[in-house]
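The sequence shown begins at 1 in UniProt numbering and counts up by one.
A virtual CB, placed ideally from N, CA and C, is assigned to each residue, including glycine.
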Amino acid sequence: MSIEDVIRDQVTSNDVVLYMKGSPQFPQCGFSSAAVQILKACGVKEVLAVNVLADNDIRQGIKEYSSWPTIPQLYIKGEFVGGSDIMREMYDSGELQQMLKDAGVVDAA
1 MSIEDVIRDQ VTSNDVVLYM KGSPQFPQCG FSSAAVQILK ACGVKEVLAV NVLADNDIRQ
61 GIKEYSSWPT IPQLYIKGEF VGGSDIMREM YDSGELQQML KDAGVVDAA
């Protein structure tokens with residue numbers, strides 16, 4: 001399986017995937033920490049968090065897969081959403097919460 005196949009499988013087999021530095025319990029950079037906090041604030045309970053520091057092939061491969069140069073990267077239902085700055089803008093506007101509700105990832109309440 002190529003690294004692209006591994007990444008494709010991760011983003012299509014899980015509702016929410018966050019490629020980040022570190023883990024949700026111990027983020028290794030401020031941007032990854034912000035991304036985790038935003039997802040928590042949105043009520044996301046289940047997320048596949050992939051620590052790019054643990055696998056250099058994933059770290060490079062995800063940048064090529066998305067054509068996005070930075071980490072973290074968020075995927076919802078297989079769709080690339082963006083990094084922490086985009087997540088923050090979408091959260092502030094309510095767009096991220098709506099996207100997560102529409103995807104059936106968080107309660108509509």
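Query raised in the report: Which one of Asp57, Lys21, Met99 and Lys101 has the shortest CA to CA distance from Pro72?
Result: The candidate whose alpha carbon is nearest that of Pro72 is Lys21.
Report task. Could you tell me which uninterrupted beta strand (DSSP E) segments, each at least 3 residues in length, are contained entirely in the stretch 53 to 107, listed from first to last along the chain? Result -> Listed in chain order, they are 73 to 76 and 79 to 82.
Query - the stretch 60 to 76 contacting the stretch 11 to 27, beta-carbon criterion three pairs below 8 Å - result: Taking 8 Å as the limit for Cβ pairs, the verdict is that the stretch 11 to 27 does touch the stretch 60 to 76.
Report task. Can you check DSSP and say which residues form a bridge with Pro27? Result -> Pro27 is bridged by DSSP to Gly22.
Report task. Taking 8 Å as the threshold, find out whether the stretch 45 to 63 comes into contact with the stretch 5 to 14 through three or more Cβ pairs. Result -> Flag = yes, the stretch 45 to 63 and the stretch 5 to 14 touch.
Query raised in the report: Does the distance from the CB of Gly83 to the CB of Trp68 come in under 8 Å?
Result: Result yes, Cβ atoms of Gly83 and Trp68 sit closer than 8 Å.
Requested in this report: Leaving aside the five residues before and after Asn56 along the sequence, list all residues of the same chain whose C-beta is less than 7 Å from its C-beta, in chain order.
Outcome: So no residue of the chain qualifies.
Report task. Could you tell me which of Val52, Ser32 and Tyr65 sits nearest to Ile86, measuring between CA atoms? Result -> A check of alpha carbon separations from Ile86 across Val52, Ser32 and Tyr65 identifies Ser32 as the nearest.
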